[in-house]
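Going line by line, the protein sequences match chains U and P.
As numbered in the working numbering, residues 1 to 282 make up the first sequence, in order.
As numbered in the working numbering, residues 1001 to 1376 make up the second sequence, in order.
Inspection log for the structure reproduced underneath, given as structure tokens.
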Amino acid sequence: MRKNYNFAFLDEGSKREIRRAILKGVAIPGYQVPFASREMPIGRGWGTGGLQLTLSCIGPDDVLKVIDQGSDASVNAVSIRGLVHETTGVDTTTRTQDATLIQSRHRIPERPLTRDQLLVLQVPTPEPLRTYEPRETVTRRLHAEAEYTGAYLELFEQIVRYGTTTTGADHPVMVGGRYVMAPSPIPRYDNARLNMADNLTLLGAGREKKIYAVPPYTRVESLAFDDYPFVTEEFEGACCHVCGATGVYLTQTVDPVTGEQVWQCSDTDYCAQRVSGEQGEE
Amino acid sequence: MGYVAVTGGEQAISASLDLNERRRVAGGRSVDVDTVLSCLPELVCQVQSEGSLWAPEVAAVAVKQACGSVEEAVFLMRAYRSTLERLYTSRVIDTNEMHVDRRISAAFKDIEGGQILGATRDYAHRLIEFELADETTADVRDRLRELEASLDASAVETPAGVLDRVPRVLTYLRSIDMVRDYPLDDTEPVDITKTPLSFPAPRSVILQALSRGLTQAVIAIGYAAIRGFGLSHPTVGELRRGTVAVTVDAPGAGADASEDDAYYLGSIPVTEVESLIVADEVDEDGAHRSALDVGYGLVVGSDESKAIAMSVLDHSLRADDVRFPTQDQEFVLYHIDGVEATGFISHLKLPHYVTFQSKLDSALRSMAEKEDEADA
Chain U
1 MRKNYNFAFL
11 DEGSKREIRR
21 AILKGVAIPG
31 YQVPFASREM
41 PIGRGWGTGG
51 LQLTLSCIGP
61 DDVLKVIDQG
71 SDASVNAVSI
81 RGLVHETTGV
91 DTTTRTQDAT
101 LIQSRHRIPE
111 RPLTRDQLLV
121 LQVPTPEPLR
131 TYEPRETVTR
141 RLHAEAEYTG
151 AYLELFEQIV
161 RYGTTTTGAD
171 HPVMVGGRYV
181 MAPSPIPRYD
191 NARLNMADNL
201 TLLGAGREKK
211 IYAVPPYTRV
221 ESLAFDDYPF
231 VTEEFEGACC
241 HVCGATGVYL
251 TQTVDPVTGE
261 QVWQCSDTDY
271 CAQRVSGEQG
281 EE
Chain P
1001 MGYVAVTGGE
1011 QAISASLDLN
1021 ERRRVAGGRS
1031 VDVDTVLSCL
1041 PELVCQVQSE
1051 GSLWAPEVAA
1061 VAVKQACGSV
1071 EEAVFLMRAY
1081 RSTLERLYTS
1091 RVIDTNEMHV
1101 DRRISAAFKD
1111 IEGGQILGAT
1121 RDYAHRLIEF
1131 ELADETTADV
1141 RDRLRELEAS
1151 LDASAVETPA
1161 GVLDRVPRVL
1171 TYLRSIDMVR
1181 DYPLDDTEPV
1191 DITKTPLSFP
1201 APRSVILQAL
1211 SRGLTQAVIA
1221 IGYAAIRGFG
1231 LSHPTVGELR
1241 RGTVAVTVDA
1251 PGAGADASED
1261 DAYYLGSIPV
1271 TEVESLIVAD
1281 EVDEDGAHRS
1291 ALDVGYGLVV
1301 GSDESKAIAM
1311 SVLDHSLRAD
1321 DVRFPTQDQE
1331 FVLYHIDGVE
1341 ATGFISHLKL
1351 PHYVTFQSKL
1361 DSALRSMAEK
1371 EDEADA
């Protein structure tokens, strides 16, 4: 009863179907294209949308990098990289500049991507209006009519209640002046890095069965008000305790030796390359 | 290199998988797939029903690999299903031609074709049979011989073919115009594994989603619908259990190809329920009359509770006036799939360091704003 799996796991019919949805997504930046998401050998909600994009686009000559929250070594990144490698045999790398295809959960690599690189983001909740309106039928109509009062209303209510917007990651963006989009929960710091990027970004939500895209050189603006401008995370005075970087996205951690609270680059490859002297100083 | 919380990495994952595999083999015993198939047929059936793939041997291997976890076995089946080419569409299966081994009606005592109780646990006393602890394969064989002898002695003679075309209970109600009539809908059914859900969902979508839904979720939501958070209190018009034949037309056969020229692929066990629910009908003159609506359930295998609950939900999801979550298509259909529900719940175990840092930043900033206001 031994069975052999197809190149890149999915059958060719499924891959073609997913690539069609991708093309539609690229043609309508920020628009969520429904697709018949397949069940994958990793958990639904663990990056199956991104994985289906990766497997549908990958060819034997691609070089793959997978990161989770910025880290190549995070357990889920390791697992996804292993699965793609097992079913395709493609080379993998941790070095951002060497990858042709990067699948990521919740981060855009610090090093700017080029036009020859494809970024695939895993998306848990693709609908930016979901907290405001639970019903898909309604949110689809709101998008069709570009009726985004709800998205602004939420920010407005936060300002009224807390004196500031309190969105965490996944702060909604306006894509190409037309569609409000959930940038997948990338931190607010990463939002600006989608704007007018050289690379194509594909976003895939497996459980919610949606694919969308930000093509190269597309305007991506974070929603905000004139008198309450968009703010990114605050790392004032902080620097990475490993490589000393400032002006990058940092996460808090505890130094195991001193027990002190310290900051560290969330992009582990960027950090490692700085330590080895490959990445230029800021 | 500094300390990174849960770096995990290849080694940790591989060791974790080894630990898990060790748990599987730690008992020092192996169960062969035939044993799983013959001793746990209902488990294997449930895995195929929720996995929406009829492949008993594969399902039995999945059960073995998953150490008996239904959730995990279904997950394995679904992922395997994603790799299979869909080459044919079967001919329409007519459940009138089900080979029935059980068939009951809770609506009428005397039904054409008779009530056939068949094998059921319904009237069993749920006492643990401690003797089973010491049962051997030889005991099982003896027991089978004994039972076959006594059942043969007491069996009523049934003419050949009687169980292959049992009349429907609802035919009588239809003949006296008590059941609401719907025009025959022969539109091509939507395949929900190849088309994403959209709303309002066509009936074919509702039925597929319910039929492969998480068994316990279908039952729980169906229960809510009849207990108080819904308006459907059904009477089981007919519940029938048996096998149906799956056939495909020969390649190149036209739409009018005969059944006789089709290829027989095999038979699958199914349970079908037609529930009757009293519904209010308004005629052209605005006069109300009470009529009966039908809720339909069909599941692979013999889970009768799932089939009945499915018939309840089929009916409640047709309500055009949504008063309860059980009547809300988006509420029910988006959340009833086991692989999706367990997948998203379990993803909460993944690291959220970056996103949580961002949340924390916002919370801190809102606190700072409040303090500023207080100072001002």
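Even for Gly, the Cβ is constructed at its ideal location relative to N, Cα and C.
His-1335 of chain P: contacting residues in chain U (beta-carbon distance under 9 Å): Stepping through the second sequence from its first residue, residue 1335 of chain P is reached at position 335. Taking a Cβ-Cβ cut-off of 9 Å, His-1335 of chain P has no neighbours in chain U, whose nearest Cβ is about 11 Å from it.
Expected contact under 8 Å - CB spacing of Glu-39 of chain U and Arg-1078 of chain P to nearest Å: The count along the first sequence starts at 1 and reaches residue 39 of chain U at position 39. The count along the second sequence starts at 1 and reaches residue 1078 of chain P at position 78. Rounded, the Cβ-Cβ distance is 4 Å, consistent with contact.
Delimiting residues of the beta strand (DSSP E) encompassing Met-1077 of chain P: Position 77 of the second sequence, counting from 1, holds the residue named residue 1077 of chain P. Where Met-1077 of chain P is concerned, there is no enclosing beta strand (DSSP E), although the alpha helix (DSSP H) around it starts and stops at 1070 to 1081.
Extent of the continuous beta strand (DSSP E) run through Ile-159 of chain U: Counting from 1 along the first sequence, the entry for residue 159 of chain U is found at position 159. Counting along the chain, Ile-159 of chain U falls outside any beta strand (DSSP E), though it belongs to the alpha helix (DSSP H) covering 149 to 162.
Beta-carbon neighbours of Asn-6 of chain U, restricted to chain A and to distances below 8 Å: Among the protein chains of the structure shown, namely U and P, there is no chain A.
Opposing strand residues paired with Ala-1245 of chain P [DSSP bridges]: Taking the first residue of the second sequence as position 1, residue 1245 of chain P is located at position 245. DSSP, once it has assigned bridges, lists P:Ser-1267 as partnering Ala-1245 of chain P.
Thr-1326 of chain P burial status per 10 Å Cβ neighbour count (16 or more: buried): One-based indexing of the second sequence puts residue 1326 of chain P at position 326. Counting of Cβ neighbours within 10 angstroms places Thr-1326 of chain P among the buried residues, the total reaching 16 or more.
Distance, Gln-1115 of chain P Cα to Arg-1289 of chain P Cα: For the purposes of this step, residue 1289 of chain P is taken as residue 289 along the second sequence, with counting starting at 1. For the purposes of this step, residue 1115 of chain P is taken as residue 115 along the second sequence, with counting starting at 1. Taken atom to atom, the span from the alpha-carbon of Arg-1289 of chain P to that of Gln-1115 of chain P is near 31 Å.
Neighbour flag for Val-1025 of chain P against chain U, beta carbons, 8 Å: The count along the second sequence starts at 1 and reaches residue 1025 of chain P at position 25. No, Val-1025 of chain P lies away from the interface with chain U (no Cβ there is under 8 Å from its Cβ).
For Ile-159 of chain U and Arg-1081 of chain P, the rounded distance between their alpha carbons: Residue 1081 of chain P sits at position 81 when you count from the first residue of the second sequence. Residue 159 of chain U sits at position 159 when you count from the first residue of the first sequence. Approximately 48 Å, taken between the alpha carbons.
Where Gln-252 of chain U falls: helix, strand or coil (DSSP): Locating residue 252 of chain U in the first sequence gives position 252, where the first residue counts as 1. Residue state, collapsed to three classes: strand.
Per-residue contacts from Lys-1109 of chain P into chain U (C-beta, under 8 Å): Taking the second sequence and counting its residues from 1, the one referred to as residue 1109 of chain P is at position 109. Within chain U, no residue comes near Lys-1109 of chain P; the closest Cβ sits about 45 Å away, beyond 8 Å.
Neighbour flag for Lys-1370 of chain P against chain U, beta carbons, 8 Å: As a working note, residue 1370 of chain P is residue 370 in the second sequence. For Lys-1370 of chain P, at least one C-beta of chain U is nearer than 8 Å to its own C-beta.
Within chain U, partners of Glu-1340 of chain P - CB distance below 8 Å: For this step, residue 1340 of chain P is matched to residue 340 along the second sequence. In chain order: Arg-44, Gly-45, Arg-207.
At least three beta-carbon pairs within less than 8 Å, the segment 150 to 170 of chain U to the segment 215 to 235 of chain U: Taking a cut-off of 8 Å for Cβ pairs, the segment 150 to 170 of chain U and the segment 215 to 235 of chain U touch, as three or more such pairs fall below it.
Beta-carbon neighbours of His-106 of chain U, restricted to chain P and to distances below 7 Å: As a first step, residue 106 of chain U must be located in the first sequence, where it is residue number 106. The answer, in chain order, is Val-1354, Thr-1355.
6 Å Cβ shell around Tyr-1003 of chain P - same chain, five flanking residues per side excluded: In the second sequence, counting from the first residue as 1, residue 1003 of chain P sits at position 3. Because the pLDDT of Tyr-1003 of chain P is 35, which lies under 50, any placement of that residue in the model is unreliable, and the question is left without a value.
Interface flag, Ala-1062 of chain P vs chain U, CB-CB below 8 Å: On the second sequence, residue 1062 of chain P is found 62 positions in, with the first residue counted as 1. In terms of beta-carbon proximity, Ala-1062 of chain P stays away from the interface with chain U, with every pair separated by 8 Å or more.
For Met-1367 of chain P, the three-state DSSP class (helix, strand or coil): Here residue 1367 of chain P refers to the residue found at position 367 of the second sequence. Three-state result, Met-1367 of chain P: helix.
DSSP beta-bridge partners of Thr-1235 of chain P: For the purposes of this step, residue 1235 of chain P is taken as residue 235 along the second sequence, with counting starting at 1. P:Leu-1276, per the DSSP bridge assignment.
Enclosing alpha helix (DSSP H) for Leu-1333 of chain P [first to last residue]: For this step, residue 1333 of chain P is matched to residue 333 along the second sequence. Residues 1329 to 1335.
Assumed close pair Gln-97 of chain U, Lys-210 of chain U - CB separation to whole angstroms, cut-off 8 Å: Looking up residue 97 of chain U in the first sequence gives position 97. Looking up residue 210 of chain U in the first sequence gives position 210. Incorrect: roughly 30 Å between the Cβ atoms, too far for contact.
Separation of Pro-1056 of chain P from Pro-1251 of chain P, as counted between CA atoms: Looking up residue 1251 of chain P in the second sequence gives position 251. Looking up residue 1056 of chain P in the second sequence gives position 56. In this structure, the alpha-carbon of Pro-1251 of chain P lies about 26 Å from that of Pro-1056 of chain P.
Stretch-stretch touch, CB-based, cutoff 8 Å, three pairs: the segment 1314 to 1322 of chain P with the segment 134 to 152 of chain U: The answer is no - the segment 134 to 152 of chain U does not touch the segment 1314 to 1322 of chain P, with fewer than three Cβ pairs under 8 Å.
Reference Leu-1163 of chain P, options P:Pro-1041, P:Val-1092, P:Gly-1113, closest by Cα: Along the second sequence, read from residue 1 onward, the residue named residue 1163 of chain P stands at position 163. The shortest C-alpha separation from Leu-1163 of chain P is found at P:Gly-1113.
DSSP beta-bridge partners of Ala-1291 of chain P: The residue given as residue 1291 of chain P occupies position 291 in the second sequence. In the DSSP output, where bridge partners are listed per residue, Ala-1291 of chain P has P:Ala-1279.
Enclosing beta strand (DSSP E) for Leu-119 of chain U [first to last residue]: On the first sequence, residue 119 of chain U is found 119 positions in, with the first residue counted as 1. Here the beta strand (DSSP E) through Leu-119 of chain U covers 118 to 122.
Residues that Ser-1198 of chain P contacts on chain U, provided the C-beta gap is smaller than 9 Å: Here residue 1198 of chain P is taken as the residue at index 198 of the second sequence, counted from 1. Scanning chain U for C-beta atoms nearer than 9 Å to the C-beta of Ser-1198 of chain P yields Pro-34, Glu-136, Thr-137, Arg-140, reported in chain order.
Sequence-distant residues of its chain with Cβ nearer than 7 Å to Val-1278 of chain P (five each side left out): By one-based count along the second sequence, residue 1278 of chain P stands at place 278. Hits under 7 Å: Ser-1290, Leu-1292.
Backbone secondary structure at Glu-1057 of chain P - three-state DSSP: Stepping through the second sequence from its first residue, residue 1057 of chain P is reached at position 57. Residue state, collapsed to three classes: helix.
Classification of Val-1006 of chain P by the beta-carbon crowding that lies within 10 angstroms, buried from 16 upward: By one-based count along the second sequence, residue 1006 of chain P stands at place 6. Reliability fails at Val-1006 of chain P, whose pLDDT of 44 lies under 50, so the model's placement of it is uncertain and the value that follows must be treated cautiously. Within a 10 Å sphere around the beta-carbon of Val-1006 of chain P sit fewer than 16 other beta-carbons, which makes this residue exposed.
Test: Thr-1193 of chain P CB closer than 8 Å to a CB of chain U: Counting from 1 along the second sequence, the entry for residue 1193 of chain P is found at position 193. With a threshold of 8 Å between beta carbons, Thr-1193 of chain P makes contact with chain U.
8 Å Cβ cutoff, Arg-1078 of chain P in contact with chain U: The count along the second sequence starts at 1 and reaches residue 1078 of chain P at position 78. Closer than 8 Å: yes.
C-alpha distance - Gln-261 of chain U paired with Leu-223 of chain U, whole-angstrom precision: Taking the first sequence and counting its residues from 1, the one referred to as residue 261 of chain U is at position 261. Taking the first sequence and counting its residues from 1, the one referred to as residue 223 of chain U is at position 223. Using only the alpha carbons, I get a separation of about 33 Å.
First through last residue of the alpha helix (DSSP H) which encompasses Thr-268 of chain U: Taking the first sequence and counting its residues from 1, one reaches residue 268 of chain U at position 268. Residues 268 to 275.
Short Cβ contact (8 Å threshold) for Val-90 of chain U with Gly-204 of chain U: Working through the first sequence from its first residue, we reach residue 90 of chain U at position 90. Working through the first sequence from its first residue, we reach residue 204 of chain U at position 204. No, the Cβ-Cβ distance between Val-90 of chain U and Gly-204 of chain U is not below 8 Å.
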